[in-house]
Structure formats: C-alpha cells, structure tokens
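Asks: Everything in the sequence shown is counted per full-length UniProt numbering, starting at 1 for the first residue and increasing by one.
After the structure tokens below, expect a handful of questions from me.
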Amino acid sequence: MTTDCVIVSQRYPPEKGGNASRIHDTAVNLDDGFDVTVLAPSLCYPPGNFERTWKRKQTERDKGVVVHRLWTWQPQRENPSLLRRLPYYLIFAVHAALWLVMNFRQYDVVMTSTPPITTGFPGLVAAAIGNPWVIDVRDLWIENSIALGYITADSPLVKAGRTFQRLALRSADRITVTTETLGDAVADTYGRDLRDRIRVIPNGVDTDRFSSVSTAEENGSRIVYTGNIGSAQALEPCIRAMQHVSSDDAVLQLVGDGDEVSRLKGVVERLDLEDRVEFVGLVDRKRIPEILDSATVGLAPIKDSPELDYAIPTKLYEYMACSLPVVVTGRGEIKRFATDTDAGVHTEPDPESIAAAIDTLLENPDQRVAMGRDGHRVVSEEYDRQAIAGRLGEVFRTVTTSEQQELYTAPSTDDD
1 MTTDCVIVSQ
11 RYPPEKGGNA
21 SRIHDTAVNL
31 DDGFDVTVLA
41 PSLCYPPGNF
51 ERTWKRKQTE
61 RDKGVVVHRL
71 WTWQPQRENP
81 SLLRRLPYYL
91 IFAVHAALWL
101 VMNFRQYDVV
111 MTSTPPITTG
121 FPGLVAAAIG
131 NPWVIDVRDL
141 WIENSIALGY
151 ITADSPLVKA
161 GRTFQRLALR
171 SADRITVTTE
181 TLGDAVADTY
191 GRDLRDRIRV
201 IPNGVDTDRF
211 SSVSTAEENG
221 SRIVYTGNIG
231 SAQALEPCIR
241 AMQHVSSDDA
251 VLQLVGDGDE
261 VSRLKGVVER
271 LDLEDRVEFV
281 GLVDRKRIPE
291 ILDSATVGLA
301 PIKDSPELDY
311 AIPTKLYEYM
321 ACSLPVVVTG
331 RGEIKRFATD
341 TDAGVHTEPD
351 PESIAAAIDT
361 LLENPDQRVA
371 MGRDGHRVVS
381 EEYDRQAIAG
391 RLGEVFRTVT
401 TSEQQELYTA
411 PSTDDD
C-alpha cells in the first residue's frame, strides 16, 4: 500500500541553503512505499537571484517527486526588511493551506518544515480536516532571531509568534528535530510534555553524489565555505583569519549567497584581502561535490551563541563525505561532533585561533588524509541521506497507522 505524503517547505532547490537540500534529499529518498508531493513558493531565495513571476502555480517533477510552486510575494533586495519578508512567508502559508483543503483526498500525511513558523498554518489546517501532521523543526526561529538582533524579546510580534508556535507544536502528531539538543530546547521552551512526540532525524548527505576522487596532497591551499552567507555563521572571523594564515598561496573561497555578502565584501576591501578571499557566489548544486573535491580544508563556522548550540549544518556532512578535513567553530553539538569523530578541528571563533587551525592542517597532509578518511567513514555508516529518509518514513507510517487504528476502533453511535 502506497502512502501519499505532502511536504510543505519555504525553500526547495534550485534555491540554496541547508533546508532546501535537506527537504530535497528527504523527498527523493523516501522509499517506494511513498508518493511525495512538495509545496514550495515561487523561486526567491536568496532574494534577487530569481526573476519575479505572477503565475499562480507551476508544477515540475524532480526524480519522481511532484513539486508545486505556489505563488507568493518575492522580495528582490538583498537582506530584505521584516516588512518585505512577511508577505513572502504569509502569502505562501495561506496558498499552501488552500491547496491542502482543495486536495484533501489526495494525501495521507502532511509534513511542514520550520523555520519559518508560518508553515505551521497549513499544518494546522491539515490537522483540522483530519490529516496526520508532522512538524520538522530545524531551529527555534524566534529565539535565534532575538539572539541575532532581528527582533526584540518583548515585542508583540514575538509574543504572538510564540503563542502560534506553541499551538502548532501541540497540535502536531510528531515533531522531528535534527539533534537531541534541539529536541530538549523545543521541550524546554514549549512544554516538557512534548517530549513524547519528538523524534531525532539528523541532517545527512547523499553519499552517492558526495564522494572524493582525489587526495588532500593534490589540492594546494584552498579553504572553502559553502552555503548560506548569513548572520548565524561566524564568517567575518574566518575572513580576518586570512591575514594570519602562514601559507602565501592560501585562498578562502566563499561559495553561496545571503544577507551578509555585501557587508563581508566591505570587510575584505577594507583589509585589502581581495587576493586571499574570493566570493564565488551561487553555483549549481551539482557543482558542489566537484568544488569540495578540489579543496584542502572545509569551514563550518557557527557563531558562539547558546541559542545555536543545537546546530550541525548540512555542509559539515558534505565536507566529510568528500573526505575533506574541517575547521569548525561554535558550541554544543558541532563541537561535540567534531571532537568525537576526529574528522575536524574545533576552535574558538576568533581570527588568530581559526588561522592557527588552518595552518595546522595545511602543514600536515598526513593528518588531513587521516581526518578525511575518518569523516567519510562516519557519514557513510551513520548519516547517509537514504537511511535517514527511511527513519522519517517510519515516522510517517506510525502516524498514519495510528490514525487508521483510531478510525477503526472509534465507538459506534448506531443503535442496535
């Protein structure tokens, strides 16, 4: 028997970022027992990289997955203000909710991915009409926005957002999180009784696409960062570290786009580091394995913030799958992961410490090779995306089976 699943996500490839790749790899790797439909907005992220469209819906197929692009407002400026972001989030949420209502006979289970928390609205609608609902929580969006200075903790918007998020979490049948620490944070923030509904589905990597064909000795002194160039990443210290890296031919390549690009380009210009820091910009995701395979060291810098201690970015698994040794910053899960696997070097998020870690790896090719091999082994054994998608599939089966059992065992109201 086939289970029809709808995934609601604010981002989906060719848009960039860890969540877009997570949702894509999850959708295409669910086993043959699932027919998957993805609801995503018109292409928008990063803002300004896609042409604006006015089509109500566009449908495409992606490796067996049906993707419906539902119209929403598309900000065009880099780092749009909150007022410009809200229509992007809210219109899509309403549009997705309407699709779920109009097509309620076409699916058995709904998963909504947050952030943003507005994707909870179509989930609430699906639950209201009797469909099992799974919330995929990748971070605590409100708390992170406060920590990064986007909103203030006592604002009416924050109070309303927390109330809405609490309602959504309590209405969902299951809550999936990427790490145990994030699961604890969800329960601590929104109610310890949610713990029984929480399941850990970690980030991972498609090891068939991400693999190494070269060795670390062949790659010179290329340090690479791939992914979102935003406020949660400690990228300015990495840029400043290039003033202190000993190797004369070392170059830091930033592959991706995001809200911080213009500001960081200004930092590079002021420090006269144009010959040591390269902004590659957005590239086709198919090129990422090739870029990683030709690099020497990968960077996964997370800001040292207690609100981010749950984070392990997707890029870390991709680096490791390509046998690339990594330098990481941040606390909590990413520090523990790098230390436990011997695949990376954890350091403090200051320029001198980052430079010292990079120098250590550049000067020790045997260490790089050993770390790369260990990283590849770990992700192949524990974080292959197909296996992780299988774990999510079991969550879907559990909630749909529970729903069917409740229907079959509901007390009869007929008079005999």
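The C-beta atom is built at its ideal place from N, Cα and C for all residues, glycine as well.
Pick from Y319, D249 and R287: whose alpha carbon is nearest that of R276?
Replies: Selected option, being the one with the closest Cα: D249.
Asks: Please confirm if the segment 238 to 247 is in contact with the segment 352 to 360, defined as three or more CB-CB distances below 8 Å between the two stretches.
Replies: Judged by Cβ distances under 8 Å, the segment 238 to 247 makes contact with the segment 352 to 360, as three or more pairs qualify.
Asks: Taking 9 Å as the cut-off, decide whether the C-beta atoms of R331 and D309 are in contact.
Replies: It is a contact, given that the beta carbons lie within the stated cut-off.
Asks: With distance defined between alpha-carbon atoms, name the residue in I201, V94, S145 and T360 nearest to V245.
Replies: Comparing Cα-Cα distances from V245 to each of I201, V94, S145 and T360, the minimum goes to T360.
Asks: Mark residue 417 as exposed unless 16 or more other C-beta atoms lie within 10 angstroms of its C-beta, in which case mark it buried.
Replies: The structure shown does not extend to residue 417, since the chain is modelled only from 1 to 416, so the question has no answer here.
Asks: With a threshold of 16 other CB atoms inside 10 Å of the CB of G149, please say whether the residue is buried or exposed.
Replies: G149 is exposed by the Cβ-count criterion.
Asks: Assuming E318 and F164 make a contact with CB atoms under 8 Å, what is their CB distance in whole Å?
Replies: About 33 Å; that fails the 8 Å criterion.
Asks: Distance, Cα to Cα, E290 vs A185?
Replies: Each residue's Cα considered, the two are about 36 Å apart.
Asks: For V261, count neighbouring Cβ atoms within 10 angstroms of its own Cβ and tell me buried if that reaches 16, exposed if not.
Replies: Classification of V261: buried, given that the 10 Å Cβ count is 16 or more.
Asks: Does the pairing of the segment 47 to 60 with the segment 23 to 34 give three or more beta-carbon distances under 8 Å?
Replies: Too few Cβ pairs lie closer than 8 Å, so no.
Asks: To which residues of the same chain is T152 closer than 6 Å at the C-beta, ignoring the five residues directly before and after it?
Replies: Nothing listed; no residue qualifies.
Asks: What residue ranges within the segment 107 to 132 form continuous alpha helix (DSSP H) runs of no fewer than 4 residues, ordered along the chain?
Replies: Counting only runs of 4 or more, we get 120 to 128.
Asks: How many Å lie between P115 and R373 at the Cα?
Replies: In a straight line, the C-alpha of P115 is about 34 Å away from that of R373.
Asks: Is the segment 93 to 100 touching the segment 68 to 83, taking contact as three or more C-beta pairs under 8 Å?
Replies: With a cut-off of 8 Å, the segment 68 to 83 and the segment 93 to 100 count as touching, because enough Cβ pairs lie within range.
Asks: Please report the distance separating the alpha-carbon of E348 from that of L83.
Replies: Answer to the nearest angstrom: the Cα atoms are 35 Å apart.
Asks: On the three-state DSSP scale, how would you describe G344?
Replies: If DSSP states are grouped into helix, strand and coil, G344 belongs with the strands.
Asks: CB T112 to CB V134, shorter than 9 Å?
Replies: Yes.
Asks: How would you call A234, buried or exposed, if buried means at least 16 neighbouring beta carbons within 10 angstroms?
Replies: A234 comes out buried.
Asks: Smallest Cα separation from L254: which of S221, D272, L299 and S247?
Replies: The candidate whose alpha carbon is nearest that of L254 is L299.
Asks: For D414, count the other beta carbons within 10 Å of its own beta carbon; 16 or more makes it buried, fewer makes it exposed. Which is it?
Replies: Confidence at D414 is low in this model, with a pLDDT of 42, below 50, so its placement is unreliable and the value that follows should be read with caution. With fewer than 16 Cβ atoms within 10 Å of its Cβ, D414 is classed as exposed.
Asks: So, for E236: in the same chain, excluding its five sequence neighbours on each side, which residues have a beta-carbon less than 7 Å away from its beta-carbon?
Replies: Closer than 7 Å at Cβ, skipping near neighbours: L264 and V267.
Asks: Just verifying my parser: in three-state terms, what is the DSSP assignment at E51?
Replies: Looking at E51 - three-state DSSP - the assignment turns out to be coil, as it is neither helix nor strand.
Asks: Just confirm the distance between the C-beta atoms of V205 and R22, as a whole number of angstroms; I'd bet it's less than 8 Å.
Replies: Contact flag wrong, Cβ pair sits at about 10 Å.
Asks: CA-CA distance, A20 and T176?
Replies: C-alpha separation (whole angstroms): 16 Å.
Asks: Candidates E333, V379, L392 and N228: which alpha carbon is nearest residue 466's?
Replies: Residue 466 cannot be examined here, being either before or after the span of the chain that is shown, 1 to 416.
Asks: What do you get for I334, buried or exposed, if any count of 16 or more other CB atoms within 10 angstroms of its CB means buried?
Replies: Buried, by the Cβ-count rule.
Asks: I need the straight-line Cα distance from I312 to F121, nearest angstrom please.
Replies: About 27 Å.
Asks: Closest to D257 by C-alpha separation, out of V36, G281 and R56, would be which residue?
Replies: Per the Cα distances, G281.
Asks: Does DSSP classify E278 as helix, strand or coil?
Replies: Strand at E278.
Asks: P13 by DSSP, collapsed to three states: which one?
Replies: Here P13 sits in coil by DSSP.
Asks: Sorted by chain position, which residues of the same chain lie with C-beta nearer than 8 Å to K16's C-beta, five sequence neighbours on each side aside?
Replies: Same-chain partners within the cutoff: Y45, P46, G227, N228, G256, D257, L282 and R285.
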